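Chains as they are written, first to last, in this note's numbering: chain A, 362 to 817; chain B, 362 to 817.
Here it is as structure tokens:
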């Protein structure tokens, strides 16, 4: 292991240069105008994996964006680790709020600033470079597989089928994912919980065409006003979601978990400053940490209708549309919650409006056993890097595929992420600390070593 | 007069061709990208007025779009009529819903379809061509002045100053405006009331930047949800506006006026079909006609926030913005209502949000004396064209400058419009019936004649 760690140190600068090259490829999966670039990001990674010494590397076509699949077999007796990540990124909008071109990485105060720096190119690349370091020093102690997809930001819609189809090639003992965050800078943590997601689009149509607000105003209902009322009614005064049955299947936080939340070294003022808010808002008496990771939510992600250009247009619009998503906790399923949202909107649509309800995507939440061998190996690895035992935490974000790894491949997932909440993933000026990039490479090497040394 | 009417008939086709040429110039005043075209529309009109034989024609610069000013003096003993109109048009958005290019006029079922066909190029051009017919036959019985501005669709913001500055050149006995509608096809009407307008923009900012809805959702308030709640709270269950003091200064409809509304030949089903709605919605127990012309309203004209592109982006947005406007009735003033809207929003903004309130523009409502000489002349003119006495009606739209004609120039305004509610002004496929265009030219000639024959 020491040789591999030394190799990683010796080649640290080149590793960063390579990551920059990958970040320059705008692999925005949700925007079909970027399809060629998205494929180019996959091909780039495959070439890099071949250069790293992986023996079998392939870019596999799917019905959507391709999957990069790589493997290296060292011994039938060694355990097998499957690393999962994604090479697709969020759109850069609102692009005018970036300090630099989102696809021209720059180093600012030790951070690499670019779309995808933390989510997830920078994090999955830690494992790619750890593999190179182990292979380059003949120190790879496990059979290694990598599965890097291009549709995570649009719900991994073709990946479950891919897992089913390639079940044999994906056989492993555990999945490792680095797409989550450290609890705080220098405070190592391993995520044992993720939230799920149900994402829908709701459109109200009133008049069949845009109308003049002078001629018709006062005689017809306005779809923006009507949609605003429906959105307003989705929460009560305690910020609880009012959708019928929304909380029915929620597995409540245990007393132990709530105590663990209180034990975390949480700095509320720093959190508010990172979020850029003057006041927080969470459900009922739940704390901000509980609200953002242990409880389900409902947020409007986008809304539009009528005239949104320069100046004043006195239009009474025909339509108003909102993108609405719920973060789910274990117990809730995206299908159940989408159905309940649909039933709620259908029950409450005014008789002056026509409702169109679209299910955009969803994913299951997950809880991982904190005592599994791979979780213990991850804790050992992080202690080796940071000099302190990691916290076990729940994350507010969603990696829906983690539930599929369990369901389809029968595998638990170790969520060993090196992001920070301040990385501005999905926001302008996304960043990833280069210190954490290098710590992640070290942690990956230490994890493989610790896991290979355990009974599995 | 007969000679002039004959002239108008003889040149009817050319008049339409000229109008089409004018409509091809996209004079969208609200969009600064169209500034050159907007000026071109003014120059085109000035040339056409010179060709029509007007003795003094000028394009006068203002701090905004220019004003076209023309006059023709026939006798110190003749009364003076000031025709007002506007050459600017609404934006064509949403452009994809037009059947044809909005700036390439086409004739469909006897209608001219183009942006500005009815509002207001087609209608002001009736008076231009009536002037040509009267001048071409040496039958102009009044001193004629024309004032055609380029900022009506953005609140005529420089026109009050222009009226003050050019008070001497604008001396007249009455103003005539054709920018309103007939009550129904073949049912002549003269508008004696217009609504005012208060148009504002409200922006809520929560987080200082867009956030990841997984990481932060459940811990911060979402500005779209918050704005939706504020908008929802602007109406009660009777569709009355809840802004404090909103109705304080409303001059209520008299019993006579409410009876006159009931006496109009109103076809509710046809109205619903034109509006493209299955159900109507008006304030309290007021009828649709009362609600759309005799009562004040509040409508959201546009809303935007968060991700509005293709697919799903799990953003918790930083900002949400709405354009909101109120139609006002006499008694209410735009300044008063804008202040009350501002006070309402300031009082109700949640402590998690920062409010930005922008006053975009406003205008006063107006009521004209139905017994004034010019109103009687207009009634005579319309009876001559249609063979029946016109109804006196109130209009739901706003022509804020009409209040300024009274206040600054001391002049009453005759609202003699030939539009129809089905003309889709401010909407895709705006249209103007060519029969009404020619009736309007005849009415203008008959009005000048009737007005010249009266004591004023």
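The beta-carbon is built from N, C-alpha and C at its ideal position, and this holds for glycine as well. As the structure is a computational prediction, the values presented were derived from the model and not from experiment.
Asked, Found
"N-terminal and C-terminal residue of the alpha helix (DSSP H) that residue 488 of chain B is part of", "482-497"
"Contact with chain B by residue 556 of chain A, beta-carbon distance below 8 Å", "yes"
"Cβ contact check for the region 722-739 of chain A and the region 687-705 of chain A: 3 or more pairs under 8 Å", "yes"
"Among A:460, A:491, A:595 and A:363, the one whose alpha carbon lies nearest that of residue 704 of chain A", "A:595"
"CB contact check: residue 474 of chain B to chain A, cutoff 8 Å", "no"
"Own chain residues within Cβ distance below 8 Å of residue 666 of chain A, not counting five before or after", "584, 585, 588, 678, 680, 681 and 682"
"Whole-Å CB distance - residue 775 of chain A paired with residue 535 of chain A, under 8 Å assumed", "6 Å"
"Beta carbon of residue 430 of chain B nearer than 8 Å to that of residue 416 of chain B", "no"
"CA nearest to the CA of residue 766 of chain A, picked from A:425, A:406, A:443 and A:390", "A:443"
"Identity of the residues DSSP links to residue 506 of chain B by a beta bridge", "B:432 and B:443"
"Any 3 or more C-beta pairs closer than 8 Å across the region 446-463 of chain A and the region 506-523 of chain A", "yes"
"Three-state class that DSSP yields for residue 729 of chain B in the structure shown", "coil"
"Chain B contacts from the region 596-618 of chain A (Cβ-Cβ distance under 9 Å)", "596 and 600"
"Residue 461 of chain B classed as buried or exposed, judged by whether at least 16 other C-beta atoms fall within 10 angstroms", "exposed"
"Contacting residues, own chain, Cβ-Cβ under 8 Å from residue 591 of chain B (five flanking each side not counted)", "563, 565, 706, 709 and 710"
"Cβ shell of residue 575 of chain A (< 7 Å), same chain only, five flanking positions each side left out", "675"
"Counterpart residues of residue 720 of chain B in DSSP-defined beta bridges", "B:561"
"Selection from B:656, B:615, B:439 and B:579 that minimises the alpha carbon distance to residue 821 of chain B", "This structure cannot settle anything about residue 821 of chain B, because the visible part of chain B is limited to 362 through 817."
"Under 7 Å (Cβ pairs) to chain B, residues found in the region 573-587 of chain A", "573, 574, 575, 576, 577, 578, 579, 580, 581, 582, 583, 585 and 586"
"Own chain residues within Cβ distance below 7 Å of residue 423 of chain B, not counting five before or after", "519 and 523"
"Which listed residue (A:551, A:809 and A:545) has its alpha carbon closest to that of residue 781 of chain A", "A:545"
"Reduced DSSP category for residue 528 of chain A - H, G, I as helix; E, B as strand; rest coil", "coil"
"DSSP-derived helix/strand/coil call for residue 665 of chain A", "strand"
"Residue 745 of chain A (DSSP reduced to helix, strand or coil)", "helix"
"The region 747-755 of chain B touching the region 547-560 of chain B, judged by at least three CB pairs closer than 8 Å", "yes"
"Residue range of the alpha helix (DSSP H) that includes residue 314 of chain A", "Outside the displayed range of chain A (362 to 817) lies residue 314 of chain A, so it cannot be described from this structure."
"Partners in chain A for residue 677 of chain B, counting only beta-carbon separations shorter than 8 Å", "660 and 662"
"Neighbourhood of residue 560 of chain B by C-beta distance below 6 Å, restricted to the same chain and skipping five residues each side", "686, 721 and 722"
"Per-residue burial, residue 756 of chain B [other beta carbons within 10 Å of its own, 16 or more giving buried]", "buried"
"Any chain B beta carbon closer than 8 Å to residue 527 of chain A", "no"
"Own chain residues within Cβ distance below 7 Å of residue 742 of chain B, not counting five before or after", "804, 807, 808 and 811"
"Closer than 8 Å to chain A by CB, residue 787 of chain B", "yes"
"Helix, strand or coil at residue 575 of chain A according to DSSP, with G and I counted as helix", "helix"
"Beta-carbon separation (whole angstroms), residue 365 of chain A vs residue 556 of chain A, contact threshold 8 Å", "Residue 365 of chain A to residue 556 of chain A, Cβ: 35 Å. No contact."
"Rounded Cβ spacing between residue 573 of chain A and residue 642 of chain A (contact assumed at less than 8 Å)", "In fact, because the Cβ distance is near 38 Å, the residues do not count as touching under 8 Å."
"Residue 803 of chain A: CB within 7 Å of a non-hydrogen atom of the ligand PLP", "The model on display carries no ligand, and the ligand PLP is accordingly not part of it."
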